[in-house]
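S.K.: Quick note, the sequence shown lines up with residues 313 to 1033 if you use this note's numbering.
C-beta atoms are modelled at their ideal positions from N, C-alpha and C, and glycine is treated no differently.
Quick caveat: nothing in here was measured; it's all calculated off a predicted structure.
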Amino acid sequence: MTRLDSPNTATRIVGRPIDRRDGPQKVTGSATYAYEKTGAGKALVGFFATATIGRGEIETIDTSAGEAMPGVRLIVTYRNAPQQAALDTGNRAFTTRARPILMGRRIHHFGHPIALVIAETYEQARDAARSVVATYTTEPGTFVYAEGHPVHQPELANAGFAGSTNLGDFETGFATAAFRVDQTYETLPHCAQPLEPHATLAHWEGETLHLTTSHQTLRYIQASLRTALGLAPENVVISAPFVGGGFGSKLAVHADLMGAAIGARMVGQPVKVCLTRQQMFSLVGMRPWHRQRVRLGADADGRLTAIGHEVLLYSNERDPFIEQTGIVTRSLYTGPNRMTRHRVTHLDLPNGEAVRAPGELPGLLAVETAMDELAEALDMDPVALRVLNDTTTDPESGAPLTGRTLTQCLRTGAERFGWSARLRQPRARRDGNWFVGMGVASAIRTHFQGATEVEVAVTPDRRIQVRSDITDIGTGSYTILAQVAAEVLGVDFSEVDVMLAHTRLPAGGGSGGSWGASNTTAALHQACLALLERAGLPAGPGLVRQTLAAHPAGLSARGSLPSMGNVPNWREKSRHTYGAHFVELAVHRLTGEIKVRRMLGVFSAGRILNPKTARSQLLGGMIWGLSAALREAAEIDPRRGNIVNGDLAEYLLPVHADVPDVDVMMLDEPDLEANPVGVKGVGELGACGSSAAFANALYNACGVRARSFPVHLSSLVPELG
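#1: Report the residue from 986, 1026, 971, 977 whose alpha carbon sits nearest the alpha carbon of residue 1006.
#2: When you compare only the Cα positions, how much space is there between residue 316 and residue 760?
#3: Mind checking whether residue 406 and residue 554 have CB atoms under 7 Å apart?
#4: Can you list, in chain order, the residues of its chain with a C-beta nearer than 6 Å to that of residue 423? Leave out the 5 residues immediately preceding and following it.
#5: For the structure I just gave you, are there three or more beta carbon pairs, one from the region 770 to 786 and one from the region 826 to 844, closer than 8 Å?
#6: Between which two residues does the beta strand (DSSP E) holding residue 694 run?
#7: When the Cα atoms are used, what is the spatial distance from residue 1036 to residue 821?
#8: Are the region 974 to 992 and the region 452 to 468 touching, with three or more C-beta to C-beta distances below 8 Å?
#9: Would you mind giving the Cβ-Cβ distance between residue 959 and residue 589, rounded to the nearest angstrom? I have them listed as a contact below 8 Å.
#10: Identify which residue in 980, 998, 1024, 1011 has its Cα closest to the Cα of residue 328.
#11: Please go through the same chain and pick out, in chain order, the residues whose beta-carbon is closer than 7 Å to the beta-carbon of residue 682, but skip the five residues on each side of it.
#12: To which residues does DSSP link residue 374 through a beta bridge?
#13: Can the beta-carbon of residue 665 be found closer than 7 Å to that of residue 556?
#14: Helix or strand or just coil, what does DSSP make of residue 1011?
#15: How far does the beta strand (DSSP E) with residue 425 in it extend, from its first residue to its last?
#16: List the whole-angstrom C-beta distance separating residue 872 from residue 838, where the pair is believed to meet the contact cut-off of C-beta under 8 Å.
#17: For chain B, find out if any of its Cβ atoms is closer than 7 Å to the Cβ of residue 1018; answer yes or no.
#18: Could you tell me which residues DSSP puts in a beta bridge with residue 826?
#19: Give me the DSSP bridge partner(s) of residue 550.
#20: Rounding to the nearest angstrom, what Cα-Cα distance links residue 621 and residue 348 in this structure?
#21: Rounding to the nearest angstrom, what Cα-Cα distance links residue 581 and residue 652 in this structure?
#22: What does DSSP give as the partner residue(s) for residue 515 in the beta ladder?
#23: Thinking just about the alpha-carbon of each residue, which of 373, 545, 713, 679 is nearest to the one in residue 884?
#24: Between 688, 585, 855, 741, which lies nearest to residue 771 when the distance is taken from Cα to Cα?
#25: Helix, strand or coil for residue 1036, going by three-state DSSP, please let me know.
#26: Could you pull the start and end residues of the beta strand (DSSP E) that residue 898 belongs to?
#27: Could you check where the alpha helix (DSSP H) with residue 936 kicks off and where it finishes?
#28: Which term fits residue 371, buried or exposed, when burial requires 16 or more other beta carbons within 10 angstroms of its beta carbon?
#29: What separation, rounded to the nearest whole angstrom, lies between the Cα atoms of residue 857 and residue 774?
#30: Would you tell me roughly how many angstroms separate the C-alpha atoms of residue 1021 and residue 757, rounded to the nearest one?
#31: Beta strand (DSSP E) containing residue 750: first to last residue?
#32: Rounding to the nearest angstrom, what Cα-Cα distance links residue 735 and residue 627 in this structure?
#33: Is DSSP giving residue 949 helix, strand or coil here?
#34: Does DSSP put residue 709 in a helix, a strand or coil?
#35: How would you call residue 745, buried or exposed, if buried means at least 16 neighbouring beta carbons within 10 angstroms?
#36: Do the CB positions of residue 689 and residue 491 come within less than 7 Å of each other?
Now the structure itself:
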């Protein structure tokens, strides 16, 4: 029995709602981010000029006006940019591809970088960038999907998942089902817009590149630059102590990092580059456009007999990213006849990338809306339909589902939310001029395990130190790692220091995909046990003093976790997190205004390390779902390919007035079949399924079934009658 399994709750540190350690630094402004850092002297500033066409080639480019402006040191274009390796589309991992910049005349999308101005101040660089004049040879581009546009079926989706699956005889099972739903759902692109823009400070010492950057996973940068610039990993030194959000957008290398790196080498001084908010819409990837066909067949009792989920999405053929949208269906509900399929189509847009809950958010929006439509056809309660089709074994692999608590989440949430008061008939509940309704949706998220190493040490200054290159992207990593180390070693929380986000530290799996906390704490748990064994001492308050008595210079130990691909029996179990969303909203019968009244999420993600930080993550994800259903979309100009609402003035996101009090409930049940700590990720679970709960509540309120998202007044008001 380890300390984490101790029945003595009075000494527990893990599981307590401890305030984030970095909170005071962030609210007082003493936490310095990438753009605020200095290194190796005063940094020059880089600013990008970008293309104003959607597809074509640069015909001429005139930088003379900018070069004559005060403070301008250099303007980099395709004419003088250093050689870089080509974008390596053969690399299936979009996170580690080489992404060269300014390497040719070709324009691949609106906002493509055409010049990098390096100047003494931001204003000088910005003004000179605006003076760059380019002419183009334009070509017809395809910026929005139209019927008949070429599509193809990939072998694999992102993260190595099979692009299609088949079990039983779906077509026959669906055709012979007593009740059938066959609907198509569309979601527009989403753009991750973290509070801190993408920014990098770079300087060179000989052949070694030093980077301070806003990034989620440092080892991905090293892998990308090894290909792009031929740099060995030991010659890329990276620091990212504070990252102001990422949501997947900071997993891969972007123009800010490449621009700072090549610019610093060319001018022989430190250079920092920060993307503007507007540039983040074109120089950073986005969640792809989706069209999903969901077919569900059920018998007269509501048992699913056929489940089909077909996904069509855009994937830039130059830099492909195939969101694993169809995988949500594979382990969610039981049913003998099953089919999932991904197909992709090329558009001349910025490449698709991971955005919070990649695959699960749009996938569950479609599938869980279809489940509500099936419940309507069956005249069956939507919660009861989901519970009836729950399972303890993976419907496709047949492997046991570890920590499967979907029914518990649904039933607990229904009772807590007062679901029994829901009226089944749409428009049956009125509050003056408002139609009021409730909606529900299930949540599921795959649990990932990646290679991770962590070191823990007793230091000569009588401290415990945890060391890992994992980044804290606002999720509370500094805090939860200190909690785990303190409890396993039996020392006070205040005695533990946490060193993160530098490549000189042991390589972790980074922050993203909801794997940061689970992987890192599992490796840390092992490291702490190894330290106790090396010290030959039991856990307890005297550990530090007794260890230093025998080892005055200190003592350390490492723990590691293999990637799931290197665990021989990994596929013998099917590991996921689960949840259930409940929403109550009102729709004005004359104006179509939608007011969200209540939100509840009940979640099961194994052991909860810190309920305060976990609640914040889950709550944020739930609001993200509100955004996807009712607010958020990148609107593409079909003529030129620009995002016409490419700034935060017009890219609509929920504000405080849109969000009611949100109730978050966590089922704290360790899943020791996931890892020795029993913890799984929560960062994206809150966004899984929440959008569908809004769509289903909308139908229950006013009888309008939304199948295109986000919901627009133009589609809602005419249906209100």
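M.R.: So, from the listed chains and residues:
#1: Taking the sequence shown and counting its residues from 1, one reaches residue 1006 at position 694. Nearest C-alpha to residue 1006: 971.
#2: Translated into the one-based positions of the sequence shown, residue 316 becomes position 4. Translated into the one-based positions of the sequence shown, residue 760 becomes position 448. Going from the Cα of residue 316 to the Cα of residue 760 covers about 22 Å.
#3: Working through the sequence shown from its first residue, we reach residue 406 at position 94. Working through the sequence shown from its first residue, we reach residue 554 at position 242. For residue 406 and residue 554, no; Cβs fall outside 7 Å.
#4: Here residue 423 is taken as the residue at index 111 of the sequence shown, counted from 1. 362, 594, listed in sequence order.
#5: Cβ pair count under 8 Å is three or more, so yes.
#6: By 1-based counting over the sequence shown, the position of residue 694 is 382. Residue 694 -> not in any beta strand (DSSP E); alpha helix (DSSP H) instead, spanning 694 to 700.
#7: What is shown of the chain runs 313 to 1033, which leaves residue 1036 out entirely.
#8: Short answer: they don't touch.
#9: As a working note, residue 959 is residue 647 in the sequence shown. As a working note, residue 589 is residue 277 in the sequence shown. The Cβ separation is near 6 Å, so the contact holds.
#10: As a first step, residue 328 is located in the sequence shown; it is residue number 16 there, counting from the start. Taking the Cα of residue 328 as reference, the smallest distance to any Cα among 980, 998, 1024, 1011 is reached at 980.
#11: Here residue 682 refers to the residue found at position 370 of the sequence shown. Its chain contains 493, 495, 606, 608 as the residues whose beta carbon lies nearer than 7 Å to that of residue 682, once the 5 sequence neighbours on both sides are disregarded; these appear in chain order.
#12: Start at 1 with the first residue of the sequence shown, and residue 374 comes out as number 62. DSSP lists 445 as partners of residue 374.
#13: Along the sequence shown, one-based indexing puts residue 665 at 353. Along the sequence shown, one-based indexing puts residue 556 at 244. In this structure, residue 556 does not lie closer than 7 Å to residue 665 by Cβ.
#14: Translated into the one-based positions of the sequence shown, residue 1011 becomes position 699. Helix.
#15: On the sequence shown, residue 425 is found 113 positions in, with the first residue counted as 1. For residue 425, the enclosing beta strand (DSSP E) stretches over residues 425 to 431.
#16: To locate residue 872, count along the sequence shown from 1; it is residue 560. To locate residue 838, count along the sequence shown from 1; it is residue 526. About 7 Å separates the beta carbon of residue 872 from that of residue 838, a gap short enough to meet the 8 Å contact definition.
#17: Annotation note: the requested chain B is absent from the structure, which comprises a single protein chain.
#18: Along the sequence shown, read from residue 1 onward, the residue named residue 826 stands at position 514. None, per the DSSP bridge assignment.
#19: Mapped onto the sequence shown, residue 550 falls at position 238. Answer is 523.
#20: The count along the sequence shown starts at 1 and reaches residue 621 at position 309. The count along the sequence shown starts at 1 and reaches residue 348 at position 36. Between the alpha carbons of residue 621 and residue 348 lies a distance of about 46 Å.
#21: Your numbering for residue 581 matches position 269 in the sequence shown. Your numbering for residue 652 matches position 340 in the sequence shown. Each residue's alpha carbon lies about 52 Å from the other.
#22: Counting from 1 along the sequence shown, the entry for residue 515 is found at position 203. In DSSP, residue 515 forms a bridge with 522.
#23: If you number the sequence shown from 1, residue 884 lands on position 572. Considering only alpha carbons, the answer is 713.
#24: Start at 1 with the first residue of the sequence shown, and residue 771 comes out as number 459. For residue 771, the nearest C-alpha among the options comes from 855.
#25: The question about residue 1036 has no answer here: the residues shown for the chain are numbered 313 through 1033.
#26: Working through the sequence shown from its first residue, we reach residue 898 at position 586. Run containing residue 898: 886 to 900, per the beta strand (DSSP E) assignment.
#27: The count along the sequence shown starts at 1 and reaches residue 936 at position 624. Its alpha helix (DSSP H) spans residues 923 to 942.
#28: Translated into the one-based positions of the sequence shown, residue 371 becomes position 59. Burial is judged here by how many other beta carbons sit within 10 angstroms of a residue's own beta carbon; residue 371 has fewer than 16 and is exposed.
#29: Here the question's residue 857 lines up with position 545 in the sequence shown. Here the question's residue 774 lines up with position 462 in the sequence shown. Here the alpha carbon of residue 857 sits roughly 7 Å from the alpha carbon of residue 774.
#30: Reading the sequence shown from its first residue, position 709 is the one you call residue 1021. Reading the sequence shown from its first residue, position 445 is the one you call residue 757. C-alpha separation (whole angstroms): 21 Å.
#31: The sequence position of residue 750 within the sequence shown is 438, counting from 1. Unbroken beta strand (DSSP E) run through residue 750: 746 to 758.
#32: As a position in the sequence shown, residue 735 is number 423, starting the count at 1. As a position in the sequence shown, residue 627 is number 315, starting the count at 1. Distance between the alpha carbons of residue 735 and residue 627: 42 Å.
#33: Taking the first residue of the sequence shown as position 1, residue 949 is located at position 637. Three-state result, residue 949: coil.
#34: On the sequence shown, position 397 is the one that residue 709 refers to. Taken through DSSP and simplified to helix, strand or coil, residue 709 comes out as coil.
#35: The residue you call residue 745 lines up with position 433 of the sequence shown. With a 10 Å radius around the Cβ and a threshold of 16 neighbouring Cβ atoms, residue 745 comes out exposed.
#36: Against the sequence shown, residue 689 aligns to sequence position 377. Against the sequence shown, residue 491 aligns to sequence position 179. Their beta carbons are under 7 Å apart, which means residue 689 touches residue 491 by this criterion.
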